[in-house]
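Engineer: Residue numbers (the UniProt record's numbering): 1 to 336. Virtual Cβ for every residue (Gly too), placed ideally from N, Cα, C.
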Amino acid sequence: MRITTNAILRNYKNNLSTTINTLNSSRTKVMTQRSFNSVAENPGAAARASQLHRKYYSNQDNLSMLSDVQSRQDGQEDAMRQINDMLKTINKDYGIQAMNGTNQTKEVREGYASALREFQKTMVLSLNSSYEDTFLFAGSDGKNPPFTLTDDGTLTYRGYNVNAADGTADKSALDTLSTEKLYVDLGMGLSLDENNKVVPSSAFNMSLPGINAVGYGKDSEGMSNNVIVLTGQMADLLSAETFDAQAYQKLSAKFEDVSSGILNQITELGVKSEFLTTTKDRLENTDISLQEQMENVEGIDMAKAITDYMWNQYAYNAALKVGTSILSPSFIDFMK
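1) Give the straight-line distance between the Cα atoms of A46 and Q33, rounded to the nearest whole angstrom.
2) Pairs of beta-carbons, one from the region 215-234 and one from the region 274-290, closer than 8 Å: are there three or more?
3) Restricting to Cα atoms, I'd like to know which of Y94, V39, G232, S207 is closest to E298.
4) In this structure, how does DSSP classify Y160 when only helix, strand and coil are distinguished?
5) In or out: N205 buried (at least 16 other Cβ within 10 Å) or exposed?
6) Let me know the secondary structure DSSP gives K254 once reduced to three states.
7) Where L52 and M188 are concerned, what is the direct C-alpha to C-alpha distance, given to the nearest angstrom?
8) Measuring CA to CA, which of S35, G153, K321, S130 is closest to G75?
9) Is it true that the region 5-20 meets the region 258-278, where meeting means three or more beta-carbon pairs spaced less than 8 Å apart?
10) Quick check: what's the CA-CA separation for N226 versus N144?
11) Report back the beta-carbon spacing between E180 and S140 to the nearest angstrom; my notes put them in contact at under 8 Å.
12) Roughly how many angstroms lie between the CA atoms of L230 and K280, to the nearest whole one?
13) Can you tell me which of N163, S64, L125, G142 puts its alpha carbon nearest to the alpha carbon of E132?
14) Which runs of the beta strand (DSSP E) at least 3 residues long sit entirely within the UniProt domain "Flagellin N-terminal" (3-140)? Give them in chain order.
15) Please work out which residues of its chain come closer than 7 Å, Cβ to Cβ, to K55, disregarding the five sequence neighbours upstream and downstream, and give them in chain order.
16) Taking the beta carbon of Q246 as the centre, do at least 16 other beta carbons fall within 10 Å, making it buried, or is it exposed?
Rendered as structure tokens:
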């Protein structure tokens, strides 16, 4: 069988091309630390990797959202604690026990009234605090300040008088606003019921209507259930020409009773914070697990990959040396 020079060169070029491609593939694996770099190389692993990447990025989104929710809730808790400290100060220093003897003079009472009105304004400012561009105590409407305190002492929540009596339109609207929910998906399998409403157990409610903390409406005796309104009414009694100690004592007792609503909200926020911490731990563990799974599907054994690369480099160099013997001198090389 006659083997021509062209046949030898053709086979050599094909084999050299294969050697170069193999060397390039092994080099790419070492540089990228991936077992494949195109779907065609390993369709099954590529499909599995695609699923894992979707889960991984979804989990990253959940972690990012959880971090925002935690920061938002920290802001809510800080504001609640500020208001609670003010309520403690009012209960301690501005109760009926402080209105004795000398303190019952008109001048001293005016000083107390002025201080209470400042507390009133400060509490409203705390309730109108925001995180980034969202108001923390506005329920589902985080774009507008929820509370407004007018000069005559009227307090409104999202336009409705918080001192509204039962049976009024404002009281009915406040009842609805107090139950508002604002759900976010934290990787708990967000789902909807047959009415296209979020299933509460599948999402986290980060809404906190401010009226649930400071109270709203009136009791059966017609007294306000809102601590800010009560603070203003106590100030009005103190600044009156004739001080009604009995009425002030009654307001003070009501104020102390309603103040417990803040503590209840702080406790509820503490429970939510614990839930968020637990959820964060779960998501971080999921993140680690997904990274390990992606490494198993896409990753390579670096020691083996480097060994393969060095061997393919050796084979390529050997192929080049073989080429020098194939391209032997021809008759043309001896022509003068």
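Structural biologist: Here's the rundown:
1) Roughly 15 Å between the two C-alpha positions.
2) no
3) V39
4) strand
5) exposed
6) The answer is helix: DSSP assigns K254 an H, G or I state.
7) 18 Å
8) S130
9) no
10) 21 Å
11) Confirmed, Cβ separation roughly 5 Å.
12) 40 Å
13) G142
14) Runs found: none.
15) L290
16) exposed
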